[in-house]
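Following the UniProt record's numbering, the numbering of the sequence shown begins with 1 at its first residue and continues without gaps.
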Amino acid sequence: MKKTLIKEKRHNERHNATDNQEHLKPQIVHALSNAELYCLALANIYSDPNYHNQNHCGILQALARKGVYLAEPNNTQLTETILIQNSPLKMSAHMAVIEGLMVLYAKEVVTGDRVVSAIRRFDPQAEVDVPADHEKGLLLWISHASHALIAKIQTEEDAADKTRLLELPAAKDFQSLCDGVGLAAVVAFYCPGELNWMDIRVSKRPSVADALHNLSLVQAFCNRCLPYSIFHMQPEDVTYMRGSMKQNLVVFLADMYNVLEIHPAKCVRYPGEERAMQFLDGRANEFWYRINVIGEGCVHSVLDLPVL
Numbered sequence: 001m002k003k004t005l006i007k008e009k010r011h012n013e014r015h016n017a018t019d020n021q022e023h024l025k026p027q028i029v030h031a032l033s034n035a036e037l038y039c040l041a042l043a044n045i046y047s048d049p050n051y052h053n054q055n056h057c058g059i060l061q062a063l064a065r066k067g068v069y070l071a072e073p074n075n076t077q078l079t080e081t082i083l084i085q086n087s088p089l090k091m092s093a094h095m096a097v098i099e100g101l102m103v104l105y106a107k108e109v110v111t112g113d114r115v116v117s118a119i120r121r122f123d124p125q126a127e128v129d130v131p132a133d134h135e136k137g138l139l140l141w142i143s144h145a146s147h148a149l150i151a152k153i154q155t156e157e158d159a160a161d162k163t164r165l166l167e168l169p170a171a172k173d174f175q176s177l178c179d180g181v182g183l184a185a186v187v188a189f190y191c192p193g194e195l196n197w198m199d200i201r202v203s204k205r206p207s208v209a210d211a212l213h214n215l216s217l218v219q220a221f222c223n224r225c226l227p228y229s230i231f232h233m234q235p236e237d238v239t240y241m242r243g244s245m246k247q248n249l250v251v252f253l254a255d256m257y258n259v260l261e262i263h264p265a266k267c268v269r270y271p272g273e274e275r276a277m278q279f280l281d282g283r284a285n286e287f288w289y290r291i292n293v294i295g296e297g298c299v300h301s302v303l304d305l306p307v308l
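Shown next as structure tokens:
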């Protein structure tokens with residue numbers, strides 16, 4: 001949903017009314033009750049304008065067709081009549097729809113085949129089975145990316161204290177990510193120029209301070225290096241994660257997978273890419289020297305890239 005909101009709507013969605021309580025701004029209430037935001041979300045996920053101008057019933061049917069079935073809240077039903085109410089807005093019903101769209105987004109981004117393909121690209125020797133669902137796929141991806149980071153560190157000739165990250169824990173469940181080690185390790189693997197692995201605090205018994213430090217590294221990376229920030233939580237939300245926050249973490253990880261694997265941000269450096277870029281820079285300098293200094297008319301038009 002976050003990518004579908006207009007910037008002015010996305011920030012400061014709540015305002016203080018005369019009763020000194022926070023309320024959703026009227027334009028947000030209107031966009032939820034007329035299904036505008038849900039239409040924008042589906043159109044964004046599938047890049048399909050046909051999802052515009054759906055009513056709530058159409059949104060629920062679209063989710064069901066994609067295999068996402070919503071559990072009705074205890075105190076209300078998920079019907080068109082309930083969802084169009086805006087005075088007051090039936091927030092529990094809308095939260096069920098929002099969480100359903102979050103599940104759909106993660107499910108569509110993190111497919112089993114994509115995860116296996118990504119893992120085999122940076123870990124060709126890995127024996128990987130197709131994960132059963134997007135949640136298992138995310139945990140598998142994080143575990144293998146962390147393992148690939150360790151392997152990368154071991155091959156670096158100038159790496160100091162190579163043994164420091166050799167005990168990176170596997171991502172067994174989402175609770176195991178609350179110390180921030182796995183998340184920071186993934187960023188350090190894909191974007192070594194933006195997050196140095198030596199800045200990650202790894203401990204057999206991580207403290208809250210260590211967890212907040214690691215998660216703050218990830219948050220700073222998202223704010224600084226990505227076209228748009230995907231870290232819509234606070235580090236404390238992950239460190240003290242409760243069941244109600246799990247889906248937020250899953251969607252954040254799906255966003256991470258998207259900006260690191262599917263639509264790589266400019267800061268992403270795949271294994272071996274640094275060496276290729278150095279080679280290209282060297283050939284570019286040679287080209288400039290031949291043309292501008294010694295006056296040669298041409299060089300090879302196709303660069304012979306080294307075997308990586």
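Glycine included, each C-beta is placed from N, C-alpha and C at the ideal position.
Check	Outcome
Residue range of the alpha helix (DSSP H) that includes Glu108	91-109
Beta-carbon proximity check, Leu260 vs Val268, cutoff 7 angstroms	yes
Sequence-distant residues of its chain with Cβ nearer than 6 angstroms to Leu89 (five each side left out)	Val29
Beta-carbon proximity list for Arg120, same chain, < 8 angstroms, skipping 5 on both sides	Ala126, Val128
Top-ranked residue by Cα proximity to Thr239, from His213, Leu60, Ala71, Ser229	His213
Residue burial classification, His144 (beta-carbon count within 10 angstroms, cutoff 16)	buried
Cα-Cα separation, Ala185 to Leu149	7 angstroms
Glu22 in three-state terms, based on DSSP	strand
Test item: CB-CB of Leu215 and Pro235 under 7 angstroms	yes
Extent of the continuous alpha helix (DSSP H) to which Thr81 belongs	80-83
Chain-order list of residues whose beta-carbon lies under 6 angstroms from that of residue 310 (same chain, five-residue window excluded)	Outside the displayed span of the chain (1 to 308) sits residue 310, for which this structure offers no information.
Cβ pair Glu80, His56 closer than 7 angstroms	yes
Option in Asp48, Asp173, Pro73 with minimal Cα separation from Ala62	Asp48
Buried versus exposed, by CB contacts within 10 Å (16 or more), Ala64	exposed
Anticipated Cβ contact below 8 angstroms, Ser33 with Ile84, distance rounded	5 angstroms
Residue closest to Asp237, alpha-carbon to alpha-carbon, out of Ala254, Pro227, Ser229, Gln219	Gln219
Inter-residue Cα distance where the pair is Ala265 and Cys225	8 angstroms
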